[in-house]
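Input: a single structure, listed below in structure tokens.
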Ligand SMILES: Cc1cc2nc3c(=O)[nH]c(=O)nc-3n(C[C@H](O)[C@H](O)[C@H](O)COP(=O)(O)OP(=O)(O)OC[C@H]3O[C@@H](n4cnc5c(N)ncnc54)[C@H](O)[C@@H]3O)c2cc1C
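Residue numbers (this note's numbering): 1 to 451.
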């Protein structure tokens, strides 16, 4: 009987367990986790904080589901892996043997560096426990400062507004999320935030958090302004939780390095891929740095969908199948200042190559040609579609508001559909971008039998 150990009860770990069980009915699967709340939806935390989802609903798995998979669960922290002995070492000194091991330890929020980060009232949003702390602090707080430029920072802004806390939002640059959104999209988001009463402070950085009796009382900015607040919420990025792999002599770069079968290697020496293959130790999810054939390099995703796919693929390989992980074009549905926004493929980085053209349309168009498309938001007051057009295919897109076209565009990007027949129309000013894409998608789908 094969003994499987999975370190991490996030979506990567759970998906691996599902895959293993689909192949191996008799193996012994143990899931270890150091977050006492076990498996829950991290993306759901934002909705929990705005009171849209009760805590109970964050748990996708009930006791029955764990039973069905015959999963043993152990709330414990893993200190080290001893690959040569096929054992892991827990923080309390216990040793557990394994035949196949998965490292699915996820990522953690990057801590702020400013003096005062240890004060009560300084928060991040990584876990359910963090979310509970934010709700508790919000009951007594009048105002908060939020620092950070991405999705999580915005979720914190909205969470605090929903809890009726006055919010000062610090942006390092002169607009929101400039490395992904274009100027119009940033301004749409900022405008909506301002309408909600959020005070945005552009080109503003945190220098220090002040406190009294261990409690945050305000901040000082780099340009020496003082602001009073009881909460300082920081979301300046995430870092793979790779310390365990590092301490165990595994090959680690920005994350835990894995090959296309999600197998790790020993650290060895020299550049990637070096060291010796560790055929019984796998890694998946936010902690893993996986080779992306499209980008031509090993990348870290930090997204739910890829974590699930990687976990599932790792699980199949752990149980004796041979399955390569093929990264698909990113597809991230999120909400920015209440506006459903889908980010598809490669849209970031203004330094992109000269062959790419950007085309955007908004407001005046409605896209209703695809009857069975999913419209995630019905009563939108903003519609915007921006596509990045390559020489022969669509490279990426941002869909804000009406989501009618997002699945179609995702397919076209992911399948690298040849858009030569419509390229001229697409880049021609004032042509109905949405209609052109919808028509093209309808034909393409029929020809290729896509769903
Ligand atoms: C607030 C928030 C919002 C998000 N929103 C989105 C979104 O809208 N869309 C999207 O695609 N993604 C989103 N994400 C990212 C997404 O949640 C992650 O990509 C996904 O959860 C990663 O899953 P994972 O299984 O790799 O790791 P995790 O879910 O982080 O799980 C890691 C597990 O490892 C365990 N662990 C770690 N170290 C140890 C150790 N030493 N010993 C024992 N156990 C250990 C932890 O206890 C935990 O169970 C969001 C994340 C956050 C925090």
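Note that beta-carbon positions come from the ideal geometry of N, C-alpha and C, so glycine has one too.
Keep in mind the model is a prediction, meaning the values are calculated, not measured.
The beta-carbon separation of residue 167 and residue 157, rounded to 5 angstroms, stays under the 8 angstroms limit for a contact. With a threshold of 8 angstroms, the Cβ atom of residue 441 does not count as near ligand 1, since no heavy atom of the ligand is closer than that. Boundaries of the beta strand (DSSP E) around residue 216: 215-221.
Residue pairing by DSSP places residue 331 opposite 344 in a beta bridge. Judged by their CB atoms, residue 308 and residue 15 are nearer to each other than the 9 angstroms cut-off.
With a cut-off of 8 angstroms on Cβ pairs, the segment 121-133 is not in contact with the segment 94-103, counting fewer than three such pairs.
DSSP assignment within the segment 121-204 yields the following whole beta strand (DSSP E) runs of 3 residues or more, N-terminal first: 143-147, 166-170 and 199-201. A heavy atom of ligand 1 is found nearer than 8 angstroms to the CB of residue 155.
Assignment of residue 426 by DSSP, reduced to helix, strand and coil, places it in the helix class. For residue 413, the CB contacts under 8 angstroms within the same chain, skipping 5 residues up- and downstream, are 329, 344, 345, 393, 394, 395, 396 and 397 in chain order.
With respect to the C-alpha of residue 446, the residue from 428, 275 and 408 having the closest C-alpha is 408. For residue 192, the CB contacts under 7 angstroms within the same chain, skipping 5 residues up- and downstream, are 337, 338 and 339 in chain order. For residue 1, the number of other beta carbons within 10 angstroms of its own is below 16, and it is reported as exposed. In this model, residue 190 and residue 202 are separated by some 11 angstroms (Cα to Cα). For residue 80, the uninterrupted beta strand (DSSP E) run begins and ends at 78-82, by DSSP. The beta carbon of residue 172 is closer than 8 angstroms to those of 149, 203, 204 and 205 in its chain, skipping five residues each way along the sequence.
Between ligand 1 and the CB of residue 126, the shortest heavy atom gap is smaller than 8 angstroms. Assignment of residue 280 by DSSP, reduced to helix, strand and coil, places it in the strand class.
Here residue 33 carries a strand assignment [DSSP, helix/strand/coil]. It is roughly 11 angstroms from the alpha-carbon of residue 245 to the alpha-carbon of residue 282. Contact between the segment 241-261 and the segment 135-147 is absent, with fewer than three C-beta pairs closer than 8 angstroms. Within its own chain, the residues whose Cβ lies closer than 8 angstroms to the Cβ of residue 215, once the five positions on either side in sequence are excluded, are 119, 120, 121 and 230, listed in chain order. Relative to ligand 1, residue 83 has its C-beta separated by 8 angstroms or more from all heavy atoms.
In this structure, the C-beta of residue 60 stays at least 8 angstroms away from each heavy atom of ligand 1.
Placement of the Cβ of residue 332 at a distance of less than 8 angstroms from at least one heavy atom of ligand 1 is found. Across the set 399, 400, 442 and 402, the C-alpha of 442 shows the shortest separation from the C-alpha of residue 417.
Collapsing the DSSP output to three states places residue 75 in a strand. Residue environment analysis places residue 213 among the exposed positions, since fewer than 16 neighbouring C-beta atoms fall within 10 angstroms of its C-beta. Residue 292 has its Cβ no nearer than 8 angstroms to any heavy atom of ligand 1. Within the segment 384-421, the complete beta strand (DSSP E) runs of at least 3 residues fall at 384-389 and 394-400. Contact between the segment 283-303 and the segment 6-14 is established, with three or more Cβ pairs separated by less than 8 angstroms.
Between ligand 1 and residue 257, a heavy atom-to-CB distance of less than 8 angstroms is absent. Within the same chain, 170, 206 and 234 come within 6 angstroms of residue 147 by CB-CB distance, once the 5 residues on both sides are set aside. Assigned with DSSP and collapsed to three states, residue 313 falls in helix.
Per DSSP, residue 308 has no beta-bridge partner at all.
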